[in-house]
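Asks: The sequence shown begins at 0 in numbering that gives the first Met the number 0 and counts up by one.
Every residue, glycine too, gets a C-beta built ideally from N, C-alpha and C.
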Amino acid sequence: MTKSIYIAGHTGLIGSALLERLGGEDDYAIITRTHSQLDLSDHVQVDRFFEKEAPEICILAAGRVGGIIANRDYPADFITENLAIQLNVFRAARHTGVKKLIFFGSSCMYPRECPQPMNEDQLLTGKPEPTSMAYAISKLAGVEMCLAYNRQYGARRFLPVIPNNVYGPRDNFDSKSSHVLPGLIRKFHEAREKGLASVTLWGTGTPRREFIYVDDVADAVSFLLEHDTDSLEFPLNMGVGYDNSIKDLAEIVCNVVGYIGQIKWDTSKPDGAPRKLLDSSRLKVLGWRPKVGLEEGIKNSYQWYLKNMSET
Ligand code: GFB
């Protein structure tokens, strides 16, 4: 039997990978709407859409995301847009009897000084990193809403997952608002093209991050959709199990892009959390494993960037 599945945010990084992955399977009839067709922050539109389509499964991959500087400079936008979307979608999905809803949290929900690797029980044991506090609170609210709906309505239908720094094709490569990995691809590519002697990156380069390739996230979501989730505990961390310093990452991206100049560090820019490595054993115990290594994933992202973005 085909299941109807609504992917909210199907043009974004995670949503587009899910569309590609689940769209290729016979089990699902995919429903999508562009932002101009459906404004998820408008509850009237959202209610109308869910009443008409009543999808059996909903994947909420829509919302405002961005790197450290975007989070620092636009906290009101991050918290307002994400809370509005989550509230509207969760409420409408419950009213129309959704069977499974996947919600994406973020590793920045964990306390800034969290012992590493971070397991799900450590959420709310300390204050998140200040630069992404507003975003983190909106995501924490989303996770708690999922758990509250499950408790109150007596079924485990709202499933919050926490992927770590996701990257890949169709990422945001804007040098001001992007996350570090696509930001570095663009900076090194442009420096190579212009023959610049050096590239300046943000912070000290010492923070460590765990990167997960977007196809692995799509794979993990597909895995969760296929498995009986009734006995699982949520939220569920989704990471690869190892991290790299930003300095290491810069070297890898440099090699992939073929830039041979110098790397400088602008320490007036924030470092953010010192480390964010997830303990993903809850998911791995089920048998799921990531498949794409960091260098391979960066090569794929750079190929996509060259084909689609290098002229912008
Ligand atoms: O990926 P990113 O922007 O965010 O930055 P977070 C990670 C690290 O890379 C920080 C450094 O220490 C940055 O200072 N960095 C160096 C750069 N050069 C650059 C650059 O050119 N661009 C960017 N973007 N960073 C985000 C949160 O934190 O993580 C979000 O703000 C979200 O809310 C996301 O949770 C997963 O990893 O520090």
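Under 5 angstroms from any heavy atom of the ligand GFB, by CB: list those residues in chain order, please.
Replies: Any residue whose Cβ sits closer than 5 angstroms to a heavy atom of the ligand GFB makes the list: Gly66, Ile67, Asn70, Ser105, Cys107, Ser131, Tyr134, Asn164, His178, Val179, Gly182, Leu200, Trp201, Gly202, Pro206, Ile245, Asp270, Gly271.
Asks: In this structure, how does DSSP classify Met108 when only helix, strand and coil are distinguished?
Replies: What you label residue 108 is simply residue 109 of the sequence shown in a count that begins at 1. Looking at Met108 - three-state DSSP - the assignment turns out to be helix.
Asks: Cα separation between Phe103 and His94?
Replies: Indexing the sequence shown from 1 puts residue 103 at position 104. Indexing the sequence shown from 1 puts residue 94 at position 95. Approximately 21 angstroms, taken between the alpha carbons.
Asks: Count the C-beta pairs between the segment 269-276 and the segment 205-212 that are closer than 8 angstroms, then say yes if the count reaches three, no if not.
Replies: Judged by Cβ distances under 8 angstroms, the segment 269-276 makes contact with the segment 205-212, as three or more pairs qualify.
Asks: What would DSSP say about Asn307, mapped onto helix, strand or coil?
Replies: On the sequence shown, position 308 is the one that residue 307 refers to. DSSP places Asn307 in helix when its eight states are reduced to three.
Asks: Taking C-beta to C-beta, are Val255 and Lys306 nearer than 7 angstroms?
Replies: Residue 255 sits at position 256 when you count from the first residue of the sequence shown. Residue 306 sits at position 307 when you count from the first residue of the sequence shown. Result no, Cβ atoms of Val255 and Lys306 do not sit closer than 7 angstroms.
Asks: Leu123: buried (16+ other C-beta within 10 angstroms of its C-beta) or exposed?
Replies: Residue numbering aside, residue 123 sits at position 124 when the sequence shown is read from its first letter. Flag for Leu123 reads exposed.
Asks: Determine contact between the segment 278-288 and the segment 233-243, defined as no fewer than three beta-carbon pairs at a distance below 8 angstroms.
Replies: The segment 278-288 vs the segment 233-243: in contact.
Asks: Considering only their Cβ atoms, is the gap separating Ser137 from Leu82 smaller than 7 angstroms?
Replies: As a first step, residue 82 must be located in the sequence shown, where it is residue number 83. As a first step, residue 137 must be located in the sequence shown, where it is residue number 138. Going by C-beta atoms, Leu82 is nearer than 7 angstroms to Ser137.
Asks: Which residue's Cα is closest to the Cα of Ala69: His178, Lys246, Gly23?
Replies: The residue you call residue 69 lines up with position 70 of the sequence shown. For the residues His178, Lys246, Gly23, the minimum Cα distance to Ala69 belongs to His178.
Asks: In its own chain, which residues sit with a C-beta less than 7 angstroms from the C-beta of Asp26, not counting the 5 before and 5 after it?
Replies: For the purposes of this step, residue 26 is identified with residue 27 of the sequence shown, where counting begins at 1. Hits under 7 angstroms: Thr1, Lys2.
Asks: Give me the Cβ distance between Trp201 and Asp278, rounded to the nearest whole Å; I'm assuming they're in contact under 8 angstroms.
Replies: By one-based count along the sequence shown, residue 201 stands at place 202. By one-based count along the sequence shown, residue 278 stands at place 279. Incorrect: roughly 27 angstroms between the Cβ atoms, too far for contact.
Asks: Using the Cβ count rule (16 or more neighbours within 10 Å means buried), how would you classify Lys99?
Replies: For the purposes of this step, residue 99 is identified with residue 100 of the sequence shown, where counting begins at 1. Buried, by the Cβ-count rule.
Asks: Looking at the secondary structure, which residues open and close the beta strand (DSSP E) in which Phe102 lies?
Replies: Within the sequence shown, the letter at position 103 stands for residue 102. Counting along the chain, the beta strand (DSSP E) containing Phe102 begins and ends at 99-103.
Asks: Are the beta-carbon atoms of Tyr166 and Val291 separated by less than 7 angstroms?
Replies: Position 167 of the sequence shown, counted from the first residue, corresponds to residue 166. Position 292 of the sequence shown, counted from the first residue, corresponds to residue 291. Not closer than 7 angstroms, so no.
Asks: Measuring CB to CB, does Thr176 end up less than 7 angstroms from Gly65?
Replies: If you number the sequence shown from 1, residue 176 lands on position 177. If you number the sequence shown from 1, residue 65 lands on position 66. First, the residue type needs correcting, since residue 176 is Ser and not Thr in the sequence shown. Contact: yes.
Asks: What is the rounded straight-line gap between the Cα of Ile161 and the Cα of Leu59?
Replies: Walking along the sequence shown from the start, residue 161 turns up at place 162. Walking along the sequence shown from the start, residue 59 turns up at place 60. So the two alpha carbons sit approximately 13 angstroms from each other.
Asks: Quick check on His188: buried or exposed, where buried means 16 or more other Cβ atoms within 10 Å of its Cβ?
Replies: Numbered from its first residue, the sequence shown carries residue 188 at position 189. Buried.
Asks: Would you identify the three-state DSSP class for Val165, choosing helix, strand or coil?
Replies: Within the sequence shown, the letter at position 166 stands for residue 165. Looking at Val165 - three-state DSSP - the assignment turns out to be strand.
Asks: Can you list, in chain order, the stretches of the alpha helix (DSSP H) that have 4 or more residues and sit fully within the segment 49-74?
Replies: Runs found: 67-72.
Asks: For the structure I just gave you, are there three or more beta carbon pairs, one from the segment 214-225 and one from the segment 240-247, closer than 8 angstroms?
Replies: No, the segment 214-225 is not in contact with the segment 240-247.
Asks: Who does Asn236 pair with in a DSSP beta bridge?
Replies: The count along the sequence shown starts at 1 and reaches residue 236 at position 237. DSSP, once it has assigned bridges, lists Ile161 as partnering Asn236.
Asks: My output table needs one value for Ala272: the three-state DSSP class, helix, strand or coil.
Replies: The residue you call residue 272 lines up with position 273 of the sequence shown. Three-state result, Ala272: coil.
Asks: For Arg155 versus Asp229, is the C-beta spacing smaller than 7 angstroms?
Replies: Against the sequence shown, residue 155 aligns to sequence position 156. Against the sequence shown, residue 229 aligns to sequence position 230. Yes, the Cβ-Cβ distance between Arg155 and Asp229 is below 7 angstroms.
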